[in-house]
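Sequential numbering of the sequence shown, starting at 1, is according to full-length UniProt numbering.
All remarks here apply to the structure that follows.
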Amino acid sequence: MTIKVIEINTPSPYLVLSKHEKIPKVLTISNSAENENDIGTLTAHSVHTAVCTTALVAGTELLAVPEPIIKQNIQLGRNADVIKTGSLSVSNIMTVVKVAKNFKCLIIDGTVLSEESYEVMKRELTPISFLFVVDVAHLQKFNDTLKDVFELCLEKSVETNAANILAINCIQENTNASVLFQVDNQKFTVFRHDSRFTKVGCSSISTSIAANLANGYSLGGSVYGALEYVQNSQSICSEGAKDKVNFVHNIRVPLTAMVQDKCFKGNDLISPPKLVKDPTVTGDFLDYLNKHKYVAKHWDDYVNHDFVRQVAEGCLDLQQFKFYIEQDYLYLADYARLHCVSASKAPDLLDIEKELLVLSVIKRSMNCHKQRLHDYYGVVDENHMEKVQRSDALNKYTRYMGEMARRGNWRELIAALAPCMVGYCAAVAKYVGKTDPPKGSIYEDWTKFYSTLPLEESLAKGRYFLNHIARTCPENELERLIKIYGDVCALEAQFWDSPLAYKV
């Protein structure tokens, strides 16, 4: 018999900081099926959940909970920061009314109410509600223009006497939209989104709004946050999942953080991941990636982009090139930050040293951009770059990279950083010595800069990092690395599309 003693680690220093913070609380009043979904949503928003179940649901069967129990549970949770109601029968509504005067903030999800319940609800409960949510798609009313939706919101405002109305699943100019109507100041806010919300998604919007309000956000901010949360929950849901909603997509498994803690003492209990052993991957990961079916087209669009040809031949419009220099300067500033994060996540000292070398090249590139703006465009304002408006392509690119830095591990971040490191070299190399931009021009300056950079050394750095992550990559992570690398190659190409599309 063997005995092994392992000490359980103390809370991380950062978690201890929140020891005395108040945890927001939301009471959800509905049947067991809807409450089950609400618990997932509220947990994802770091909100304590109080539940009052009005009926037990099993498939198509429904068993009503006795009204005295419902009333008692509501009374126990009535001090919650926000109360949200879902599917309620007429008798449920009358029970809620008896204790509703003590509610701080009431959100009514009208998307799940029967016609009979709605008639009672609008007379008894919506007049004291802070927000009433309605699903336009189920009203079978024409709403193809904003005017139609606005009229609908006004109609519901009069019917319900609610303080605010949110109409979701509207169609506005053939685009999905939701409209918030704030009655006090007669203000309409239109939120456009990619997809329509499912039945469960509609209900989750009300719950997410309740959580955001409990966390102290404004109504407008709470609605925006809820719409994006549910849209994300639907769009990244795995195939075959219930109702196509992944409520907990933004929650991290606690053990994932625990094993990364320097004071973690249970390493022997954690099974090491099975690493990739395929020599075509670990031998030259850069070559493997660029030939991969998901990456190949994006890589080709990137390294054979017409932007590079026009610069190398000196035929790009000067103002378009200025636009590029400004955007690239802002990009490089973010890129430098991301390499700092990469260094902080790096597994060994050699990786940190190589990151420092990369940072020195980035600094040199940024200084050259500032000099070009001064020499060729007469920019003398030291604060010029702070006034430059970021393009959509830049924001889309750096948002993706920022997500890898915040949420990803070191391997994922390297996969995101590598395309810029190796792709520029590949794109410029084929023009070195083969084109002749005008002497003394900004195009000659840019081409010389990249032709005099040690291209092979830069490629070697990128190859080193990629091979390192390939050799330490768990098998179940390989596809993620491939997708990240391919996605960023596509973003690089779109970044070069931007100056060509810039209107002079």
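Glycine included, each C-beta is placed from N, C-alpha and C at the ideal position.
All values reported here derive from a predicted model rather than from experimental measurement.
Original post:
So what's F142 in DSSP terms, helix, strand or just coil?
Top reply: Looking up residue 142 in the sequence shown gives position 142. Because F142 sits at a pLDDT of 48, beneath the cut-off of 50, its placement in the model cannot be relied upon, and the following sentence gives the value as read from the coordinates. F142: coil per DSSP, three-state reduction.
**OP:** Would you tell me roughly how many angstroms separate the C-alpha atoms of K363 and Q371, rounded to the nearest one?
**Re:** The residue labelled residue 363 in the question sits at position 363 within the sequence shown. The residue labelled residue 371 in the question sits at position 371 within the sequence shown. In a straight line, the C-alpha of K363 is about 12 Å away from that of Q371.
**OP:** Determine the direct distance from the alpha carbon of T198 to that of A490, and round the result to whole angstroms.
**Re:** One-based indexing of the sequence shown puts residue 490 at position 490. One-based indexing of the sequence shown puts residue 198 at position 198. Cα to Cα, A490 sits roughly 31 Å from T198.
Original post:
Is N267 near P24, with beta carbons less than 7 Å apart?
Top reply: For the purposes of this step, residue 267 is taken as the residue at position 267 of the sequence shown. For the purposes of this step, residue 24 is taken as the residue at position 24 of the sequence shown. Result no, Cβ atoms of N267 and P24 do not sit closer than 7 Å.
**OP:** Could you spell out the range, first to last residue, of the beta strand (DSSP E) harbouring C52?
**Re:** Position 52 of the sequence shown, counted from the start, is the residue given in the question as residue 52. H48 to T53 is the span of the beta strand (DSSP E), which, as asked, contains C52.
Original post:
Are there 16 or more other CB atoms within 10 angstroms of the CB of V5, so buried, or fewer, so exposed?
Top reply: Along the sequence shown, read from residue 1 onward, the residue named residue 5 stands at position 5. V5 comes out exposed.
**OP:** Please determine, among N31, M421 and I83, the residue with the shortest C-alpha to C-alpha distance to A58.
**Re:** Within the sequence shown, residue 58 is the residue found at index 58, counting from 1. Among N31, M421 and I83, the Cα nearest to that of A58 is on N31.
**OP:** Since I believe N409 is in contact with K345 (beta carbons under 8 Å), could you give me their beta-carbon distance rounded to a whole number of angstroms?
**Re:** Indexing the sequence shown from 1 puts residue 345 at position 345. Indexing the sequence shown from 1 puts residue 409 at position 409. Sure, about 7 Å apart at Cβ, within 8 Å.
Original post:
Should V253 be labelled buried (16 or more other beta-carbon atoms within 10 Å of its own) or exposed?
Top reply: Working through the sequence shown from its first residue, we reach residue 253 at position 253. V253 is exposed by the Cβ-count criterion.
Subject >> Endpoints, beta strand (DSSP E) assigned at D135 >> reply: Reading the sequence shown from its first residue, position 135 is the one you call residue 135. Residues L131 to D135.
Subject >> Pair within 7 Å by beta-carbon distance, V308 and A418 >> reply: On the sequence shown, position 308 is the one that residue 308 refers to. On the sequence shown, position 418 is the one that residue 418 refers to. No. Outside cutoff.
Original post:
Closest by CA to Y377, which one among S441, A416 and D436?
Top reply: Within the sequence shown, numbered from 1, the residue matching residue 377 stands at position 377. Nearest C-alpha to Y377: S441.
Original post:
Counting pairs of beta carbons, one from the region 431–451 and one from the region 394–407, are three or more of them closer than 8 Å?
Top reply: no
Original post:
Could you give the distance in angstroms between the alpha-carbon of K387 and the alpha-carbon of K22?
Top reply: Within the sequence shown, numbered from 1, the residue matching residue 387 stands at position 387. Within the sequence shown, numbered from 1, the residue matching residue 22 stands at position 22. Cα-Cα distance, rounded: 40 Å.
**OP:** Report all residues from its chain with a CB closer than 8 Å to the CB of R192; omit the five preceding and five following residues, and keep chain order.
**Re:** In the sequence shown, residue 192 corresponds to position 192, counting from 1. Hits under 8 Å: Q172, T175, N176 and A177.
**OP:** Pull up the DSSP beta-bridge partners for L27, would you.
**Re:** Taking the first residue of the sequence shown as position 1, residue 27 is located at position 27. According to DSSP, which records beta bridges pairwise, L27 is partnered with A50 and I83.
Subject >> Straight-line gap, F142 to S235 (C-alpha atoms, nearest Å) >> reply: Residue 142 sits at position 142 when you count from the first residue of the sequence shown. Residue 235 sits at position 235 when you count from the first residue of the sequence shown. Bear in mind that a pLDDT of 48 at F142, under 50, signals an unreliable position, so the model cannot answer this.
**OP:** Give a yes or no on contact between the region 34–54 and the region 63–77, applying the rule of three or more CB pairs nearer than 8 Å.
**Re:** yes
Subject >> Selected residue, minimal CA-CA separation from E318, among N102, P499 and L219 >> reply: Mapped onto the sequence shown, residue 318 falls at position 318. Rather than Glu, the amino acid found at residue 318 in this sequence is Leu. Here the closest residue by C-alpha is P499.
**OP:** Return yes when the Cβ of V248 is within less than 7 Å of the Cβ of A416, no when it is not.
**Re:** As a first step, residue 416 must be located in the sequence shown, where it is residue number 416. As a first step, residue 248 must be located in the sequence shown, where it is residue number 248. Not closer than 7 Å, so no.
Subject >> Cβ-Cβ distance between residue 505 and N37 below 7 Å >> reply: Examination of residue 505 is not possible in this model, given that the chain is present from 1 through 504 alone.
Original post:
Residues in its own chain within less than 8 Å of V245 by CB, not counting five upstream and five downstream?
Top reply: As a working mapping, residue 245 is identified with position 245 in the sequence shown. Contacts found: N37, T198, V200, G201, S204, V230, S233, Q234 and C237.
Original post:
For S365, does the three-state DSSP call read helix, strand or coil?
Top reply: Within the sequence shown, the letter at position 365 stands for residue 365. DSSP places S365 in helix when its eight states are reduced to three.
Subject >> Host beta strand (DSSP E) of F188 (start-end) >> reply: Along the sequence shown, one-based indexing puts residue 188 at 188. Segment K187 to R192, the beta strand (DSSP E) holding F188.
Original post:
So does the region 268–282 actually touch the region 459–475, counting three or more Cβ pairs closer than 8 Å?
Top reply: yes
**OP:** Between the Cα of S206 and those of C170, V281, T280 and T41, spot the shortest distance and give me the residue it belongs to.
**Re:** Your numbering for residue 206 matches position 206 in the sequence shown. When each option's Cα is compared against that of S206, the closest is T41.
**OP:** Starting from A312, trace the alpha helix (DSSP H) both ways and give me its first and last residue.
**Re:** Residue mapping note: residue 312 aligns to position 312 of the sequence shown, counting from 1. Counting along the chain, the alpha helix (DSSP H) containing A312 begins and ends at D306 to E313.
**OP:** Return the first residue and the last residue of the beta strand (DSSP E) that A64 is part of.
**Re:** Residue 64 sits at position 64 when you count from the first residue of the sequence shown. First-last of the beta strand (DSSP E) with A64: E61 to A64.
Subject >> Residues sharing a beta bridge with N176, DSSP >> reply: The count along the sequence shown starts at 1 and reaches residue 176 at position 176. I171.
Original post:
Would you call the region 117–136 and the region 182–189 touching, i.e. three or more CB-CB distances under 8 Å?
Top reply: no
Original post:
Do you know how far the Cα of Y450 is from the Cα of N304?
Top reply: In the sequence shown, the residue the question calls residue 304 occupies position 304. In the sequence shown, the residue the question calls residue 450 occupies position 450. Roughly 16 Å between the two C-alpha positions.
**OP:** Let me know if R390 comes out buried or exposed under the rule of 16 or more other beta-carbons within 10 Å of its beta-carbon.
**Re:** Numbered from 1 along the sequence shown, position 390 holds the residue referred to as residue 390. When all chains shown are included, R390 counts as exposed.
**OP:** State the start and end residues of the unbroken alpha helix (DSSP H) segment that holds I205.
**Re:** In the sequence shown, residue 205 corresponds to position 205, counting from 1. It spans K199 to A214 - the alpha helix (DSSP H) in which I205 sits, taken as one unbroken run.
Original post:
Along the chain, which unbroken stretches of the beta strand (DSSP E) at least 3 residues long are found entirely within the region 70–129?
Top reply: 82–85 and 106–109
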